[in-house]
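Add 5 to a position in the sequence shown, counting from 1, and you land on the number used in my numbering.
Heads up: the structure comes next, in structure tokens.
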Amino acid sequence: MQFRQASQFPSCDHYLQYFLAPDMLKQRAQVWDAFCEICESKALATDGVTYGKGPLVFIGCVPAGGQGKYWSKQKTVFIHPMVALLYEKHTHRQQRMWERAKEKYHWFDWMPWEATVLHEIVHWARDVGGKPELYNNQEAGEVFEKKAFDRKISAGATFGEESECKYDPTPPWR
6 MQFRQASQFP SCDHYLQYFL APDMLKQRAQ VWDAFCEICE SKALATDGVT
56 YGKGPLVFIG CVPAGGQGKY WSKQKTVFIH PMVALLYEKH THRQQRMWER
106 AKEKYHWFDW MPWEATVLHE IVHWARDVGG KPELYNNQEA GEVFEKKAFD
156 RKISAGATFG EESECKYDPT PPWR
């Protein structure tokens with residue numbers, strides 16, 4: 006993936022470069038196998054998580070209620086700022102709720118960041134590979150999360166509100 010916001014989000018950048026590198030993901034067979042299966046192309050899966058290749062990952066506006074959004078026209082993966090900030094700063098605007106969720110589900114601050122980025126890169130790989138948006142009549146990104154993490158990973162990032170657009174004042178879907 007490509008990332009141009011390293012100065013604003015250095016921890017997120019490091020995570021993309023190191024923890025989502027193909028060699029690192031391959032060490033986590035459940036995640037890597039699910040990613041390749043749902044992308045339906047090992048080559049596109051590899052390109053999607055190779056730093057400097059694949060889609061642009063951009064922290065910015067997403068539609069209300071979403072943690073991420075893939076925009077096919079620009080081959081760009083948008084990630085909600087609250088998902089990025091949860092990993093970058095370990096803060097959540099409803100911190101007590103997040104702490105309870107982490108305890109209940111055994112989640113960590115990196116999980117929504119990783120799951121959301123990979124979820125959206127699945128959409129990129131399927132788009133570039135000419136595959137339909139759905140996988141077996143289900144939303145492909147959600148199928149990936151369930152196979153990779155045994156559940157959908159949610160940061161409760163948006164609570165139905167559109168993200169503040171200070172990172173991108175004109176999101177493409179407006």
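Backbone N, C-alpha and C define an ideal beta-carbon position, used for all residues, glycine too.
In this text, all values refer to a predicted model and were calculated from it rather than measured experimentally.
Could you tell me if Q143 is buried or exposed, where buried requires 16 or more neighbouring beta carbons within 10 angstroms of its beta carbon?
Counted from its first residue, the sequence shown places residue 143 at position 138. Result: exposed.
- Tell me whether the beta-carbon of S46 lies closer than 8 Å to the beta-carbon of G134. For the purposes of this step, residue 46 is taken as the residue at position 41 of the sequence shown. For the purposes of this step, residue 134 is taken as the residue at position 129 of the sequence shown. A contact, by the Cβ cut-off of 8 Å.
Quiz item: With I126 and G53 assumed to form a contact (beta carbons below 8 Å), what rounded beta-carbon distance in angstroms separates them?
Solution: In the sequence shown, the residue the question calls residue 126 occupies position 121. In the sequence shown, the residue the question calls residue 53 occupies position 48. With a Cβ gap of about 4 Å, I126 and G53 count as contacting.
**Message:** Nearest by alpha-carbon distance to T81: which of A11, G73 and V62 is it?
**Reply:** Position 76 of the sequence shown, counting from 1, holds the residue named residue 81. Per the Cα distances, V62.
### Query
CB W44 to CB W118, shorter than 8 Å?
Here residue 44 refers to the residue found at position 39 when the sequence shown is read from its first residue. Here residue 118 refers to the residue found at position 113 when the sequence shown is read from its first residue. Checking the displayed sequence, the identity of residue 44 turns out to be Cys instead of Trp. No.
message: Here's the rule I'm using: 16 or more other beta-carbon atoms within 10 Å means buried, otherwise exposed. How should R131 be labelled?
response: Stepping through the sequence shown from its first residue, residue 131 is reached at position 126. R131 should be labelled buried.
| Along the chain, which unbroken stretches of the alpha helix (DSSP H) at least 4 residues long are found entirely within the stretch 8-37? | For the stretch 8-37, the full-length alpha helix (DSSP H) segments reaching 4 residues or more read 15-23 and 27-31 along the chain.
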